[in-house]
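Report on the structure given below.
In the numbering used here, the protein residues as written are 718 to 1101.
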C-alpha cells in the first residue's frame, strides 16, 4: 500500500492552535435561486465548471453526474460513470485535470470499501455518448479500530476538498460533533490515511470547498435546528487549523439540510440542499462579504500547567461551571488519554492525573461548553 506522509499530523505539534468559534456577522445574505430537478432530489455534492453546476445524488443512487443550469435549476445533461457504483456518494471537487467523487458516506461506521473516484476533465467534456470512466483511490482510516455498526461514531464523511497535490476529507462526527481532517493522495491506489487535524464544528459537516481566490475553506453543515457555514481562513500552508474559524448560522426557505457548497468567485458561493420533510432540494446563492468579530471571550484566560508535566496537569480559567473533557493524541494520531471532569465554581482549578501515559509529545485537545482548544503538551518521565 502507498502510505501518505505523516508530516501533516506532526506539524500540529509545532504550532499553538486556537479557533474563535462564535462570531457576529452582518450582511450575510442567502438567495434562493431555484428548486433542483427531481432527478437530483438528493443532491449531495456540487462543483461549478464552464458556467454549469455538476451534482450527484447520494446513497443507493445511480453512478451519474448531472449538469444543471445555475440560473434556472434546469437539468441540462447526464453523464454515466460506467465503471463506478454509487454506494454513498457524498461530495465533489476538482483540479486542473480531474473531477473527484467521494464515495465515502459511512452512516453506520462499518464500511470497508471507502473510495474516491477520479474522472478526467478532458474525457468528461469530450464524451460523445455521455459516458465516462474513472480511476479509483481506495482508503481506510488508520485510526478506526471498530467496525461494529452504530450511529455514534466519528468515521462518516461528507466533505471533500482539493488543495494543491492532495485531497482532504472532513468527517461528519456523530459521536462528538467535531470534524476530523484526513489527507488523501490524488494518485489511484490503496491507502491507510492519517488524521492531520480536527475542528470543533458543533454540528454535522456535510460539504466543503477550497476557494483559491480567497484562500479560504468553506464548510457546510447543520444542527437539529439550523444550517451553518464554517469559514477557515488565515492559515499557513496546509495547516488549516492554525488560522481563524468563523461560524455563520442562517435560515433558508426550503430544506435546511444543506449538503454541498461551491465557490463562484472570491465572496459568492452556491449551496444545495436535499429533499426532506421540511422542503424540496434547492439551489441557493450566498454572499460572504460580511464583517465579523474574531474575539473569543471564552478562551482568553484559560491556563494549563505545568508544561512539560510529569503526572498532574492543572487546568484553570474556565468562566462557566460544567463538564470539561481532555484528550491526548500521540504523533501517530492515536488517542492516548481521555477523561472528563466537572467544574462547580467559576475559575476552579481542575487536575488531570496523567500517570500511565508514556513520556512524549502530544496534541492536547480541551473541550468545555463553547471552548475548543488544541495545544502541544510534553509529558516527561517521573524524576526529570
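Using N, Cα and C, we set each Cβ at its ideal position, and we do this for glycine too.
Query: Where residue 841 falls: helix, strand or coil (DSSP); Result: helix
Query: Between the CA atoms of residue 1075 and residue 961 - distance to the nearest angstrom; Result: 32 Å
Query: Within 7 Å, strictly: CB atoms of residue 989 and residue 997; Result: no
Query: First and last residue of the uninterrupted beta strand (DSSP E) at residue 778; Result: First-last for residue 778: undefined, no H or E at that position.
Query: For residue 959, three-class secondary structure by DSSP; Result: helix
Query: For residue 851, the first and last residue of its enclosing beta strand (DSSP E); Result: Where residue 851 is concerned, there is no enclosing beta strand (DSSP E), given that its DSSP letter is neither H nor E.
Query: Whole-Å CB distance - residue 827 paired with residue 864, under 8 Å assumed; Result: 5 Å
Query: Whole-angstrom distance between residue 889 and residue 1093, CA atom to CA atom; Result: 25 Å
Query: Which listed residue (901, 814, 830) has its alpha carbon closest to that of residue 806; Result: 830
Query: Residue closest to residue 765, alpha-carbon to alpha-carbon, out of 803, 896, 949, 808; Result: 808
Query: Candidates 1056, 793, 920, 898: closest to residue 914 by CA position; Result: 898
Query: Same chain, Cβ closer than 6 Å to residue 1083, five either side skipped, listed in chain order; Result: 1043, 1090
Query: Continuous beta strand (DSSP E) assignments of at least 3 residues falling wholly in the region 926-972; Result: 933-939, 944-950, 961-966
Query: DSSP bridge partner residues for residue 764 (one or two, in chain order); Result: 771
Query: Which residues DSSP lists as bridging residue 1052, in chain order; Result: 1046
Query: Residues near residue 925 by beta carbon distance below 6 Å, same chain, minus five either side; Result: 876, 878, 887, 936
Query: Any 3 or more C-beta pairs closer than 8 Å across the region 905-913 and the region 939-952; Result: no
Query: Continuous beta strand (DSSP E) stretch holding residue 902: start and end; Result: 896-902
Query: Counted within 10 angstroms of its Cβ, other Cβ atoms place residue 1039 as buried (16 or more) or exposed; Result: exposed
Query: Touch test, the region 849-859 against the region 796-806, Cβ-Cβ under 8 Å, three pairs minimum; Result: yes
Query: Residue 747 beta carbon less than 7 Å from that of residue 1001; Result: yes
Query: Given residue 884 as reference, the closest of 839, 834, 1078, 1059 once Cα atoms are compared; Result: 834
Query: DSSP three-state assignment for residue 1057, whether helix, strand or coil; Result: strand
Query: Secondary structure of residue 979, DSSP reduced to three states; Result: strand
Query: Residue 1082 - containing beta strand (DSSP E), residue span; Result: 1077-1085
Query: Residue environment, residue 1128, which counts as buried when at least 16 other CB atoms sit within 10 Å; Result: Residue 1128 is absent from the model: the chain starts at 718 and stops at 1101.
Query: Backbone CA spacing between residue 895 and residue 845 [nearest angstrom]; Result: 44 Å
Query: Alpha-carbon spacing of residue 993 relative to residue 804, whole angstroms; Result: 20 Å
Query: Start-to-end residues for the beta strand (DSSP E) that takes in residue 830; Result: Neither: residue 830 is in no beta strand (DSSP E) and is coded neither H nor E.
Query: Beta carbon of residue 880 nearer than 7 Å to that of residue 858; Result: no
Query: Neighbourhood of residue 1063 by C-beta distance below 8 Å, restricted to the same chain and skipping five residues each side; Result: 1035, 1036, 1037, 1038
Query: Cα-Cα separation between residue 1096 and residue 956, rounded to whole angstroms; Result: 24 Å
Query: DSSP state of residue 807 mapped onto helix, strand, coil; Result: coil
Query: Outcome for residue 1061 when other beta-carbon atoms lying within 10 angstroms are tallied against a minimum of 16; Result: exposed
Query: Straight-line gap, residue 940 to residue 917 (C-alpha atoms, nearest Å); Result: 13 Å
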